[in-house]
Amino acid sequence: MALNIIRKLMLSSFLCFTAAAASAETFVFTAIPDEDETKLVERFRGVADYLSEQLDVDVRYIPVKSYAAAVSAFRNNQVQLAWFGGLSGVQARRLVPGSEAIAQGVEDEAFETYFIANSNTGIAPADELSDLKDELQGKTFTFGSKGSTSGRLMPEFYVRDTFGSKPEDFFSRVGFSGNHTRTLRLVEAGTYEVGALNFQVWEKELSDGNIDTDAVQVIWKTPAYPDYQWTIRGDVNDRFGEGFKQRVTEALLNLDNPELLESFPRSGFIPASNDDYEPIRKTAEEIGILD
Amino acid sequence: MFASPTVRISFIFLAIALVGLLFADIAITASNPWRDLGNFFLGIVTPNFFSSEGLLTALLRTVAFAFVGVALGSFFGFLLALVYQSLPVRIFCAFIRAIHELFWALIFLQFFGFHPLTGVLAIAIPYAGIFAKVYSEILEEADPEPGRALPPGTGNIVAFLYTRIPDCWVKMRTYTAYRLECGLRSSAILGFVGLPTLGFYLEASFSQGLYSDAGAMLILFYVLIATMPLWVRPKLLPIYLLGAPFFLGEGLPIVWGNVLRFFTEDIVPAPLRNGEGLAGLTPWLNDLMINEAMPGIWNTVVLTQIALVATGILSLLAFPLISNHFGGPMRRSAGHVALVIVRSTPEYILAYILLQLWGPSMLPAVVALALHNGGIIGHLIGRQTNSLKLRPDAPTGFNRYTWELVPRVYRSFLAFLFYRWEIIMRETAILGILGIYTLGFYVDSAIQNIRFDRAMVLILVTALLNIGVDALGRYIRRKLALQTLPNC
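Protein chains in written order, with this note's numbering: chain F, 375 to 665; chain D, 47 to 534.
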């Protein structure tokens with residue numbers, strides 16, 4: 375009896391898996407989970423509907439829980455397109471030969487990281503990070519995700535470059551909040567005294583009135599660097615037909631739905647290339663998160 | 047007093063934990079932890095059951111993954127139990143159960159991706175290792191007498207089915223049912239790494255401070271576990287088992303080339319992959335050991351020892367809650383509810399909640415581990431005191447606790463505690479994913495940097511550490527001649 379049940383169970387699970395595998399000619403994309411999930415799901419469902427309309431294929435967005443999961447899904451060809459950060463894009467394109475950065479936000483050409491501090495620390499904004507050495511030393515500090523460009527790579531680079539020591543040696547406690555919204559909330563609440571986040575997230579939350587400016591303020595802005603981009607796999611034409619990559623690129627560049635753009639928030643998308651992200655690759659190698 | 051080995055060993059472990067406290071990072075870093083805790087409880091009492099359209103589906107998937115994972119685990123565990131005398135099989139089982147479900151999930155995610163198989167195997171593999179061990183222990187204890195009554199020439203298989211199995215059936219059934227409950231917890235936390243179970247939504251709600259949504263999910267989960275005796279019925283099991291595979295969700299199709307790539311490229315140490323040969327391997331391994339493995343091991347051990355002693359203290363404080371030697375039926379019912387809640391909440395979720403509220407340090411982890419494990423052991427020894435008959439003129443109140451009950455249950459208390467030592471360490475390692483600097487932190491960092499070679503070495507280190515603690519725990523239990531039931 376028990377054996378019988380198990381046999382049936384295994385057979386049915388096998389059938390179930392093959393059935394799932396057969397029903398897949400959907401164009402699937404993902405995005406790094408850099409902000410609150412509700413916002414991401416809303417935003418990228420909008421993008422999925424838009425792309426599906428433009429490309430005339432089923433388009434599906436899948437949410438993931440980490441930057442690495444986004445990169446792995448792209449590498450494993452479970453998604454064919456992704457909205458990556460600078461670093462995750464570099465990682466993904468190294469792992470998938472033939473993949474290309476096809477579009478970036480207008481703002482991504484010159485992206486910035488903001489260092490923010492809880493007001494109780496009394497740290498005043500400065501033009502140079504080096505001016506803040508005494509104030510910052512020994513404070514608690516949070517990055518965003520471990521794989522984030524604006525929330526980890528760039529701030530870590532500037533901390534090492536300016537203060538000549540690893541963040542964990544310079545600050546008394548270093549954490550990884552997980553995403554930019556959470557970095558903002560944690561510093562606002564005082565759980566960490568200082569943090570670093572994506573400037574677009576700060577500006578959007580500020581204009582939406584979601585920041586208690588008495589509790590937290592920007593203390594330093596990094597120089598500009600290239601960040602987010604849409605990256606597509608090299609083999610999509612084989613799977614979805616000749617010229618598919620070109621059509622996806624055009625659809626993204628032509629995206630002009632103000633509500634959708636506002637949700638990123640970007641004023642529009644412009645062409646991008648793999649070479650645009652060389653500075654990111656070099657920085658990542660320098661601080662040792664890329665071999 | 048120190049002549050007693052059980053007292054001596056207790057004080058040795060207490061001393062180790064106190065020394066550990068000197069080195070441990072214990073702090074509340076949130077500026078307003080009590081307000082956040084208040085908001086959280088407010089969320090629990092004002093649950094919002096309609097937050098997410100996906101909530102019911104997630105609950106269904108949680109159950110489905112648990113059923114399929116535990117069924118496969120118990121099936122293969124049973125087969126392994128039959129050949130458990132063989133040393134390689136023992137080592138193999140010890141190894142697969144030393145790696146936590148979440149680590150297995152993180153490994154399978156790299157090549158199966160978001161396919162149901164990832165979640166199913168993440169539960170089935172470590173559970174098979176645990177089932178193999180416990181089933182073999184149960185089979186070993188079977189009464190040999192009925193076998194001797196069989197006529198000569200009876201086949202081995204027939205003898206096994208008609209003499210050993212009937213004797214062990216009840217114990218095996220009880221244990222399997224208990225593991226199903228564990229399977230529900232494991233299944234729920236798999237959502238934290240992206241599988242479509244309850245943890246997926248719980249993490250999303252919590253990280254956004256939507257406590258009413260999170261509260262609703264926790265309540266649903268408690269109800270699911272508390273009502274298990276009602277809906278897990280022997281007659282309904284075949285229906286559940288046949289149906290469960292259809293409720294795992296579609297996920298995304300597997301690309302088999304990825305599996306090959308993972309084993310032949312990704313996990314090959316970088317120096318070998320880049321053709322530097324063995325000469326390059328030594329500095330690579332040194333760097334990994336000194337900068338990641340050693341600090342990870344140190345923090346894991348320190349946290350485990352503190353959590354173990356905290357668990358012990360909490361269990362001893364908690365068991366009177368449900369013991370019928372104290373208080374009236376009202377208070378005992380309340381005690382039961384409290385203990386059910388703390389032991390039904392996976393440590394991972396408790397630690398996650400407390401980390402959100404108190405900020406990062408080892409403290410949330412210690413409290414989470416102590417609450418969950420203390421709840422389990424407190425429940426077990428509390429139940430044990432209920433079978434004790436005291437003299438009518440036995441002392442009451444505090445004296446009854448210290449002079450009558452604690453001495454009587456102390457040995458089995460220690461047995462349970464040492465049994466859970468390895469389980470606590472497995473969890474401690476995994477809590478690193480949440481940002482405490484234990485081994486899991488370094489494993490997660492390696493995975494986030496897409497360095498699976500480093501991640502695999504660190505997972506291997508974690509597994510060896512667990513096997514070591516498991517062996518030490520067994521050694522101490524044998525030395526002190528402590529007996530435990532397998533259902534702990």
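Think of the CB as a built atom: it goes at the ideal place given N, C-alpha and C, for glycine as much as any other residue. None of the values given here were measured: they were computed from a predicted structure.
- Is the distance from the Cβ of F124(D) to the Cβ of Y181(D) below 8 Å? yes
- Task: Give the secondary structure of A395(F) by DSSP, where H, G and I count as helix, E and B as strand, and everything else as coil.
- Result: Residue placement at A395(F) cannot be trusted, given a pLDDT of 42 that sits under 50; what the coordinates show is reported in the next sentence. In the structure shown, A395(F) sits in a helix (DSSP, three-state: H, G or I).
- Give a yes or no on whether the C-beta atoms belonging to G479(F) and Y651(F) are separated by under 8 Å. no
- Query: According to the neighbour-count rule (16 or more other Cβ atoms, all chains shown, within 10 Å of its Cβ), is T587(F) buried or exposed?
  - Reply: exposed
- Item | Exposure label - R526(F); buried when at least 16 CB within 10 Å | buried
- Task: Determine whether the Cβ of G159(D) lies closer than 8 Å to any Cβ atom of chain F.
- Result: yes
- Message: Tell me the DSSP secondary structure of A49(D) in three-state form.
- Response: coil
- Cβ-based neighbour list, I285(D), same chain, cut-off 6 Å, excluding 5 preceding and 5 following: none
- Message: Taking the alpha helix (DSSP H) that L207(D) belongs to, which residues open and close that run?
- Response: Premise fails: L207(D) is in no alpha helix (DSSP H) and is neither H nor E.
- Message: With three or more beta-carbon pairs closer than 8 Å as the criterion, would you say the segment 197-207 of chain D touches the segment 145-154 of chain D?
- Response: no
- Starting from the N-terminal side, write out each stretch of the alpha helix (DSSP H) that is 4 residues or longer and does not extend beyond the segment 239-303 of chain D. 244-253, 257-272, 274-277 and 283-289
- Message: According to DSSP, simplified to helix, strand and coil, what is E474(F)?
- Response: strand
- Residues of chain F with CB under 7 Å from L155(D), in chain order? A443 and S446
- Going straight from the alpha carbon of G89(D) to that of V489(D), what length do you get? 33 Å
- Message: With a threshold of 8 Å between beta carbons, is L298(D) in contact with chain F?
- Response: yes
- Buried or exposed: which applies to I137(D), given that a residue is buried once 16 or more other Cβ atoms fall within 10 Å of its Cβ? exposed
- Query: How should G552(F) be labelled, buried or exposed, when 16 other C-beta atoms within 10 angstroms of its C-beta is the threshold for buried?
  - Reply: buried
- Option nearest K413(F) by Cα separation, candidates R449(F), L635(F) and R655(F): L635(F)
- Task: Report yes or no: is there a C-beta of chain D within less than 8 Å of the C-beta of F550(F)?
- Result: yes
- Task: Could you check what DSSP says for K595(F) in three-state terms: helix, strand or coil?
- Result: strand
- What is the DSSP secondary structure of N572(F), counted as helix, strand or coil? strand
- Item | CA-to-CA distance, V433(F) to F618(F), given in whole angstroms | 13 Å
- Task: Name, going along the chain, the residues of the segment 598-614 of chain F whose beta-carbon falls closer than 8 Å to a beta-carbon of chain D.
- Result: none
- Task: Could you pull the start and end residues of the alpha helix (DSSP H) that V464(F) belongs to?
- Result: G460 to L469
- Task: Report yes or no: is there a C-beta of chain F within less than 8 Å of the C-beta of A63(D)?
- Result: no
- Pairwise C-alpha distance: G564(F) and G261(D): 24 Å
- Identify the residues that DSSP records as bridge partners of Q603(F): which are they? F458(F)
- Task: Report the option in A527(D), F293(D) and L133(D) whose CA atom is closest to the CA atom of S458(D).
- Result: A527(D)
- Task: Give the DSSP-derived three-state secondary structure of T75(D) in the structure shown.
- Result: coil
- Hey, out of A414(D), G405(D) and V383(D), whose CA is closest to Y394(D)'s CA? A414(D)
- Task: Give the single residue among F122(D), T209(D) and C228(D) whose Cα lies nearest to the Cα of A178(D).
- Result: F122(D)
- Task: Spell out whether any CB of chain F is found under 8 Å from the CB atom of N512(D).
- Result: no
- Task: Select from D410(F), D423(F), E411(F) and I593(F) the residue whose C-alpha is nearest the C-alpha of V690(F).
- Result: Here chain F comprises residues numbered 375 to 665, so residue 690(F) is not present and cannot be evaluated.
- Message: At the level of alpha carbons, what is the spacing between N94(D) and A104(D)?
- Response: 16 Å
- Message: Going by C-alpha to C-alpha distance, which of I336(D), V388(D) and D189(D) sits closest to V503(D)?
- Response: I336(D)
- Message: For I434(F), report the span of its beta strand (DSSP E) as first-last.
- Response: A quick correction: the sequence has Arg, not Ile, at residue 434(F). Where R434(F) is concerned, the enclosing beta strand (DSSP E) stretches over V433 to Y435.
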